[in-house]
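Visitor: Right, I'll just put the structure down here and ask away after.
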Amino acid sequence: MGEQEVHWRGSPLSSLTTLSSTNLNLPSVSPSPTHTVMVKLPLSTSGPALPHPTSYTDVWDQHHVRMPCSPRSQYPLSKNSDVIVSRWSVICQALCRDMSSVEDFQKVVLEYNTRYASKWKFRGLQYLLERELEEEESEHFFHNTLPAIASLALRLPQLVTQAPPLLTKHTTHSVTFSQLQIASLLANAFFCTFPRRNAKGSETEYASYPDINFNRLFFHKEKRALEKLKCIINYFRRITIKEPTGNVTFTRQHISTSDLPSWLSCTNHLPRLHVDTVGLIEEAEGLLQVDFANKFLGGGVLGLGCVQEEIRFVLSPELLISRLFTQVLDNTEALIITGVEQFNSGNGYSSTFIWGGSCQDTTPRDLWGRRLCQVTAIDALHFTKQPQIQYRESFIKRELNKAYAGFRVLDKSTGAPIAVATGNWGCGAFRGNPRLKALIQLAACAYVGRDLAYFTFGDEKLRDDLVTMYIFLKENNVTVGALVQVLNQHGARGWGDGSDFFQYIYHSLRAYDSDTDSETTTTTK
Ligand code: AR6
-9 MGEQEVHWRG
1 SPLSSLTTLS
11 STNLNLPSVS
21 PSPTHTVMVK
31 LPLSTSGPAL
41 PHPTSYTDVW
51 DQHHVRMPCS
61 PRSQYPLSKN
71 SDVIVSRWSV
81 ICQALCRDMS
91 SVEDFQKVVL
101 EYNTRYASKW
111 KFRGLQYLLE
121 RELEEEESEH
131 FFHNTLPAIA
141 SLALRLPQLV
151 TQAPPLLTKH
161 TTHSVTFSQL
171 QIASLLANAF
181 FCTFPRRNAK
191 GSETEYASYP
201 DINFNRLFFH
211 KEKRALEKLK
221 CIINYFRRIT
231 IKEPTGNVTF
241 TRQHISTSDL
251 PSWLSCTNHL
261 PRLHVDTVGL
271 IEEAEGLLQV
281 DFANKFLGGG
291 VLGLGCVQEE
301 IRFVLSPELL
311 ISRLFTQVLD
321 NTEALIITGV
331 EQFNSGNGYS
341 STFIWGGSCQ
351 DTTPRDLWGR
361 RLCQVTAIDA
371 LHFTKQPQIQ
381 YRESFIKREL
391 NKAYAGFRVL
401 DKSTGAPIAV
411 ATGNWGCGAF
421 RGNPRLKALI
431 QLAACAYVGR
441 DLAYFTFGDE
451 KLRDDLVTMY
461 IFLKENNVTV
471 GALVQVLNQH
481 GARGWGDGSD
491 FFQYIYHSLR
501 AYDSDTDSET
511 TTTTK
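For what it's worth, the numbering used here labels the leading residue of the sequence shown as -9, then goes sequentially.
This is the structure in structure tokens:
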């Protein structure tokens, strides 16, 4: 029997603290001024949670999602007409039409988006349905899935009976939806019904929010865009055949200036570390899984983007709904999502990404019907133009604070802090140095008392370098404060491309060590 090569180093993954029925490291779902619960509590014992309030109550203001079904959303009866009607009535009529081709679908969508008649082209969707899928699959889409998405979209006022609050800059707020409510909202995104979300330009009302209507996704014909569409269509196929019954909580966590860590004076020691060349963040069951986010959540998921965040969003499409209500993230904020389900598997990455088929998620649920899966979206700085500036103290501090915002245990969580599952955060599209980012994430984990599982995405040298550095830091009892200090000292030199970065740390901590040794010797003499 050949010896199997061990692909990981450090502590075994199984030794790290995870979410489980005996460690519900989550806050409960209970309505409060900082938690909007869109479903009725206590939860019904079978089927999807009922909406709260019982019937649709309209709100139409700048603090809430502008709902497509609001009577205040109005529309001219026809082009150049002075007669104004409710836009939802136009949507209802349009969505009831027969749609047996992509042209029919596009016509429907344009009935309440006439302004975009010459701009929106659904050629990607057309290519997928007419050229890429088997005839049978395509027929199934037009006969079954598309009408089911339309009726789910039309159930919006029965399912989502209040306008969700916007999770705005510099606030900490949670919102809990049923998976069925998310599905109905996403069905509306599919039919591009959200008002005021299409206009571009810095002066528009939603300039600081990501796009939510799916029109852009239907445009691109590139392979990866088609594969992402397959994931989304599979999600709708699944949830329209069998309604999902759970719930999901989205929490925007904002850390105020007075609450930010004093990194340099932190005496915490480094937590346990698992470093793995095999495995992906989304496969780390029960850990706090990092989304390498864009400050506009989801990044290019509705366009051509197809790296870690975009892939994660199409594997678990419920994540997409965060785009509806999450304002652009600022430096000390993160979005933490509890309870999403994975509907798709994927293979490949970026231009080689392909839909890997439907996936049955068997993750257990908590008392509020949330899958025991927590994702934290943190956007790194992008150093695409000048990678050398990432070593500056101010940028290191920004990344430490961002990681802290994403890793800090949510208020009122019970149980023990679960480990973080991460990897080369900010080091792909955003060109950061993985060695620096690993130490930053390690310091943030140490500060909040979480262990760390680091997935190097196949990079063995990085794994070995990280573990060697970690052992060195542990042997020298290096605290968070001492680690951050040496990172800052390295940055203060103001030069270098990071190639000597670890050497510098070894060198200066050894020197520091021998300095303190000699001091001790002097004083004891
Ligand atoms: N598990 C572990 N590691 C991974 C995984 C995975 N599933 N996927 C990728 N990696 P990137 P960024 C590794 O470029 O630099 C998006 O458009 C792999 O080594 O996604 O923070 C966002 O919306 C990869 O090179 O993250 C932002 O706009 C590295 O992680 C932007 O990209 C970084 O992945 C963020 O870019």
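We treat Cβ as the ideally placed atom computed from N, Cα and C, and that holds for glycine.
1. By a C-beta neighbour count over all protein chains shown, 10 Å radius and 16 as the cutoff for buried, is K69 buried or exposed?
2. Please go through the region 262 to 332 and give each complete alpha helix (DSSP H) segment of 4 or more residues, from N-terminal end onward.
3. Looking at P407 and V438, is the spacing between their C-beta atoms short of 8 Å?
4. Could you tell me whether any non-hydrogen atom of the ligand AR6 is closer than 7 Å to the CB of I271?
5. Smallest Cα separation from F420: which of F373, K111 and D320?
6. Could you say which of N237, N334, I368 and G481 lies nearest to S36 if we only look at CA atoms?
7. In whole angstroms, give me the CA-to-CA distance for H480 and C256.
8. Is there at least one non-hydrogen atom of the ligand AR6 closer than 7 Å to the beta-carbon of G299?
9. For the region 437 to 499, which segments carrying the alpha helix (DSSP H) assignment without a break, of at least 4 residues, lie completely within its bounds, in sequence order?
10. State the start and end residues of the unbroken beta strand (DSSP E) segment that holds G336.
11. Indicate the three-state DSSP secondary structure (helix, strand or coil) for H163 in the structure shown.
12. Are there 16 or more other CB atoms within 10 angstroms of the CB of S90, so buried, or fewer, so exposed?
13. Under 8 Å by Cβ, that's how I've got E217 and I344 pegged, so tell me the actual separation to the nearest angstrom.
14. Pull up the distance between the alpha-carbon of V280 and that of A411, whole angstroms please.
15. In angstroms, rounded to a whole number, what distance separates the CA positions of P234 and Q332?
16. From the DSSP secondary-structure annotation, give me the bridge partner or partners of V27.
17. Name the residue from S10, S246, T316 and L429 whose alpha carbon lies nearest to the alpha carbon of P261.
18. Give the straight-line distance between the Cα atoms of H53 and E(-5), rounded to the nearest whole angstrom.
19. Taking the C-alpha atoms as reference points, what is the distance between T511 and V468?
20. Count the other CB atoms within 10 Å of the CB of M(-9); is the residue buried (16 or more) or exposed (fewer)?
21. With a threshold of 6 Å on Cβ separation, who are the neighbours of H25 within its own chain once the five nearest residues in sequence on each side are excluded?
22. Starting from V80, trace the alpha helix (DSSP H) in both directions and tell me its first and last residue.
23. Measuring only from the beta carbon, is C349 closer than 7 Å to any heavy atom that is part of the ligand AR6?
24. Between the C-alpha atoms of L142 and A173, what's the straight-line distance to the nearest angstrom?
25. State the Cα-Cα distance for the pair Y496 and G422, rounded to the nearest angstrom.
26. With respect to 7 Å, is the separation between the Cβ of N478 and the closest non-hydrogen atom of the ligand AR6 below this value?
27. Is V365 helix, strand or coil when you go by DSSP?
28. Could you check which residue in N337, Q475, D201 and R440 has the C-alpha nearest to that of S252?
29. Should N414 be listed as close to the ligand AR6, given that the test is whether its C-beta is under 7 Å from any heavy atom?
30. What number of angstroms, rounded off, separates the C-alpha of S128 from the C-alpha of Q116?
Guide: On the basis of the supplied data:
1. exposed
2. Runs of the alpha helix (DSSP H) lying entirely within the region 262 to 332, each at least 4 residues long, are 298 to 305 and 312 to 315 in chain order.
3. Yes.
4. yes
5. F373
6. N237
7. 19 Å
8. A quick correction: the sequence has Glu, not Gly, at residue 299. Yes - the ligand AR6 has a heavy atom lying nearer than 7 Å to the Cβ of E299.
9. The qualifying runs are 450 to 465 and 470 to 482.
10. From DSSP, the beta strand (DSSP E) with G336 extends over N334 to N337.
11. Here H163 sits in strand by DSSP.
12. exposed
13. Yes, E217 and I344 are in contact; Cβ-Cβ is about 5 Å, under 8 Å.
14. 6 Å
15. About 12 Å.
16. T166
17. L429
18. One C-alpha to the other measures close to 54 Å.
19. In this predicted model, T511 has a pLDDT of only 42, less than 50, meaning its place in the structure is not dependable enough to derive any value.
20. Low confidence applies to M(-9): its pLDDT is 46, below 50, so where it sits in the model is not reliable, and the reading given next is rough at best. Classification for M(-9): exposed.
21. S164
22. R77 to L85
23. no
24. 8 Å
25. Their Cα atoms are separated by approximately 21 Å.
26. Taking 7 Å as the cut-off, one finds no heavy atom of the ligand AR6 near enough to the beta carbon of N478.
27. strand
28. For the residues N337, Q475, D201 and R440, the minimum Cα distance to S252 belongs to Q475.
29. yes
30. Counting only the Cα atoms, Q116 lies some 10 Å from S128.
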